[in-house]
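Going down the list, the protein sequences come from chains A and B.
Read in order, the letters of the first sequence correspond to residues 1 to 398 in the numbering used here.
Read in order, the letters of the second sequence correspond to residues 399 to 575 in the numbering used here.
Each residue gets a CB set at the ideal place from its N, CA and C atoms; glycine is no exception.
The structure displayed is predicted, hence computed values, not measured ones.
Here the structure is laid out as structure tokens; the discussion comes afterwards.
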Amino acid sequence: MTVDRTVAIAGLGITELGKVYGRSARSLAAEAVRLAVADAGLRLGDVDGLLVSNGLAGKVGVELAGALGLGQLGLLADINAFGATAGVMVAQAAQAVAAGAATTVACVFADAPLAPKRSAGEAWGGAGRKPRTLTGLAGWQLASGGVNPNILYALAARRHMQRYGTTSEQLAAIAVAQRAWAAGNPLAAMREPLTVADHQASRPIAEPLRLLDCCLVSNGGVAVVVTSAERARALRHPPVHVHGYAQAHEPRRMHAGSPWGLVTPAARSGPAAMRMAGIGVGDVDICELYDCYTYTVLVTLEDYGFCEKGDGGAFVGDGRLAPDGKLACNTGGGQLSSYYMWGMTPLSEAVIQARGAGGARQAPRNDIVLVSGNGGILEHHSTLVLSPHPRTSSGGLG
Amino acid sequence: MSDGTTGPPPTGVLAVGAFTAGAFPLVARDDASAAFFDAAARGELLVRRCLDSGDVLGPEARTCPGCGSARLEPFVVSGRGVLVTWAVVHQVPVSVLRGAVPYVTAVVELAEGPWLLVRLVGTDGSDLRAGQPVSARFVQPHQPDEGSGADSGEAPGEVLPVFAPGEPAAVSGQGES
Ligand SMILES: [Zn+2]
Chain A
1 MTVDRTVAIA GLGITELGKV YGRSARSLAA EAVRLAVADA GLRLGDVDGL
51 LVSNGLAGKV GVELAGALGL GQLGLLADIN AFGATAGVMV AQAAQAVAAG
101 AATTVACVFA DAPLAPKRSA GEAWGGAGRK PRTLTGLAGW QLASGGVNPN
151 ILYALAARRH MQRYGTTSEQ LAAIAVAQRA WAAGNPLAAM REPLTVADHQ
201 ASRPIAEPLR LLDCCLVSNG GVAVVVTSAE RARALRHPPV HVHGYAQAHE
251 PRRMHAGSPW GLVTPAARSG PAAMRMAGIG VGDVDICELY DCYTYTVLVT
301 LEDYGFCEKG DGGAFVGDGR LAPDGKLACN TGGGQLSSYY MWGMTPLSEA
351 VIQARGAGGA RQAPRNDIVL VSGNGGILEH HSTLVLSPHP RTSSGGLG
Chain B
399 MSDGTTGPPP TGVLAVGAFT AGAFPLVARD DASAAFFDAA ARGELLVRRC
449 LDSGDVLGPE ARTCPGCGSA RLEPFVVSGR GVLVTWAVVH QVPVSVLRGA
499 VPYVTAVVEL AEGPWLLVRL VGTDGSDLRA GQPVSARFVQ PHQPDEGSGA
549 DSGEAPGEVL PVFAPGEPAA VSGQGES
């Protein structure tokens, strides 16, 4: 008889989100952990593992454990795989629990890049930054102008458009669908209905990307508690079982033949996580996909195999991702319309949906929830397969 | 359009009059980039080539991704390539580019293999397609006068490699809008 080494997410903590001023990222992180632990029906003293992830402000580290008064930890680390971090943390926590290194691991992300008088663009280290003296090859590269994520993702989206005929209106369909989902999410910052025409009329940031192709910027913190599936069953909420996880990384290759922009590491991470879970894309009821930009959702759907490479535009263009569409996707509004907590945005909504706690926005079926994280410029990827049901098939990790 | 400059312009360097003041920030050389900027002033694009595999790499390469070698040599490329992708930047991304927007930034694939992230001049971005020929140009940045006649003693920035649609410019003075 093998030991049940499967794990589950037992707690979710979400602080106040958005224009939350006057609080440090560390304070938000501490609150998110407290909320997640209480949500699970546990006490802080039960936590014996802590994984910390930073956003733009980069001000939270392993000292958070001391600030929370934790002791006797079996796992403590500051992890960064950019937007892929949340999935990487859950995978790391799952492996630690399965290996017996820790029993109860809190994974937290917090960030506070917004200040009252700064625009979201400035929070990105944008136009408000002091002029730099430009020097050397790095100076030439800055002068060349491909200097921030907006521009680099625009280059990726353009490459897809040129190769496959993808259109801005098809990207708009993603933003419109997510806004419709956001209308049912009390946590969402942007809940007014959106049309394709609104998207097309929004100002160009770096064409082909417009303002409504780009994510929000938010202050706040989100944490989850990972523990054994067996233990989770005795806790306050129905467990959200972790059936599969994977990650894949591929630093941008700047050479002839590079697939950059057209194919992302999701093409390896997604199938690997689904293989571990013993499912295929046809089994997925809900997708919670990392959406720093509309295009990220489109290319991830292709790479995961929901449609053929190059067909993503047509796949999303018919309203398929909207609340009344065929594939429930980014049901909380995502980072485009709800809140920007990096990989914790799709993960938190996945937990809510898997619990059946989505209220007005609860998807009709939630047996399998697929979660993605994406970081760098389409260079880092993580995938989770979650379910309200235990993994009963012969597979498992035993 | 080399009017106003003193002495003969370097081969293939676009005259300042072809661009709005501030369109290109001033860039100073350092030891590591001296040869790159010397080449640019001659109208040459200097990158690196792997001594072990012969792969041609970008100018900033430290290691050959193909074979792992760190033995790289300077290498002058043809300046010919094709357009991989481009973006038309409207929102100022960093303050030194405030005078540049809207501008076109692009990934170009050199005939020798490497991809470069470059400024694309001579186009507003509306007439481009992936795969079309592009070629190197060289610009001399200048900044708007700060008022008083004295030139504030600031050294002019280095000549910067950029790209434009089409085949390489035959000789100097091919200023485009
Ligand atoms: Zn080599």
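Identified DSSP bridge partners for residue i
{"i": "T300 of chain A", "result": "Answer is none; T300 of chain A lacks a bridge partner."}
{"i": "Q247 of chain A", "result": "A:S382"}
{"i": "E288 of chain A", "result": "A:V371"}
{"i": "N219 of chain A", "result": "A:G18"}
{"i": "G74 of chain A", "result": "For G74 of chain A, which the question treats as bridged, DSSP gives no partner whatsoever."}
{"i": "R447 of chain B", "result": "B:V454 and B:E471"}
{"i": "A517 of chain B", "result": "The question names Ala, yet the displayed sequence has Arg at residue 517 of chain B. According to DSSP, R517 of chain B bridges with B:T503."}
{"i": "V97 of chain A", "result": "Paired residue(s): none; V97 of chain A is not in a bridge."}
{"i": "E207 of chain A", "result": "B:V486"}
{"i": "N54 of chain A", "result": "A:A110"}
{"i": "C329 of chain A", "result": "A:C287"}
{"i": "Y293 of chain A", "result": "A:C214"}
{"i": "V560 of chain B", "result": "B:R535"}
{"i": "R478 of chain B", "result": "B:S533"}
{"i": "I9 of chain A", "result": "A:V226 and A:V240"}
Ligand 1 heavy atom lying under 7 Å from the CB of residue i
{"i": "G456 of chain B", "result": "no"}
Sequence-distant residues of the same chain with beta carbon closer than 8 Å to residue i, five excluded per side
{"i": "S546 of chain B", "result": "A caution first: S546 of chain B carries a pLDDT of 42, below 50, which makes its placement in the model too unreliable to give a value."}
{"i": "S467 of chain B", "result": "C448, L449, D450, S451 and T461"}
{"i": "G456 of chain B", "result": "V445, R446, P512, W513 and L514"}
{"i": "W587 of chain B", "result": "In the structure displayed, chain B extends from 399 to 575; residue 587 of chain B sits before or after that span and is not available."}
{"i": "G564 of chain B", "result": "G520, P531, V532 and S533"}
{"i": "H389 of chain A", "result": "H241 and D367"}
Assigned exposure category for residue i - 16 Cβ within 10 Å defines buried
{"i": "P186 of chain A", "result": "exposed"}
{"i": "C465 of chain B", "result": "exposed"}
{"i": "D367 of chain A", "result": "exposed"}
{"i": "G49 of chain A", "result": "buried"}
{"i": "A55 of chain A", "result": "In the sequence as displayed, the identity of residue 55 of chain A is Gly instead of Ala. When all chains shown are included, G55 of chain A counts as buried."}
{"i": "T166 of chain A", "result": "buried"}
{"i": "L449 of chain B", "result": "exposed"}
{"i": "A328 of chain A", "result": "buried"}
{"i": "Q335 of chain A", "result": "buried"}
{"i": "T6 of chain A", "result": "buried"}
{"i": "Y153 of chain A", "result": "buried"}
{"i": "E288 of chain A", "result": "buried"}
{"i": "E192 of chain A", "result": "exposed"}
{"i": "G333 of chain A", "result": "buried"}
{"i": "D324 of chain A", "result": "exposed"}
{"i": "G479 of chain B", "result": "buried"}
{"i": "D525 of chain B", "result": "exposed"}
{"i": "A94 of chain A", "result": "buried"}
{"i": "E207 of chain A", "result": "buried"}
{"i": "A173 of chain A", "result": "buried"}
{"i": "P116 of chain A", "result": "exposed"}
{"i": "V108 of chain A", "result": "buried"}
{"i": "P539 of chain B", "result": "buried"}
{"i": "Y21 of chain A", "result": "exposed"}
Cβ neighbours of residue i in the same chain (closer than 6 Å, five flanking residues each side left out)
{"i": "I352 of chain A", "result": "G358"}
{"i": "D283 of chain A", "result": "I368"}
{"i": "G184 of chain A", "result": "A360 and R361"}
{"i": "A102 of chain A", "result": "D48, G49, G74, L75 and A96"}
{"i": "P576 of chain B", "result": "It is not possible to answer for residue 576 of chain B, since the shown part of chain B is limited to 399 through 575."}
{"i": "A439 of chain A", "result": "This structure cannot settle anything about residue 439 of chain A, because the visible part of chain A is limited to 1 through 398."}
{"i": "L508 of chain B", "result": "V475 and G479"}
{"i": "F417 of chain B", "result": "none"}
Cut-off 7 Å between Cβ atoms - residues of its own chain near residue i, not counting five sequence neighbours on either side
{"i": "A8 of chain A", "result": "T227, A229, A232, P239, V240, H241 and V242"}
{"i": "D549 of chain B", "result": "Note that D549 of chain B scores 49 on pLDDT, short of 50, meaning its location in the model is unreliable; the coordinates nonetheless yield the value given after this. Counting only Cβ-Cβ distances below 7 Å, and skipping sequence neighbours, we find nothing."}
{"i": "A438 of chain B", "result": "F536, E556, V557, L558 and P559"}
{"i": "L280 of chain A", "result": "Correcting the residue type first, residue 280 of chain A is Gly in the shown sequence and not Leu. Around G280 of chain A: M274."}
{"i": "G395 of chain A", "result": "Caution applies to G395 of chain A, whose pLDDT of 44 falls short of 50 and renders its modelled position unreliable; the value that the coordinates give is listed next. Hits under 7 Å: G278."}
_Residues with C-beta closer than 6 Å to any heavy atom of ligand 1, in chain order_ = Cβ atoms closer than 6 Å to ligand 1 belong to B:C448, B:D450, B:S451, B:D453, B:C462, B:G464, B:C465 and B:S467.
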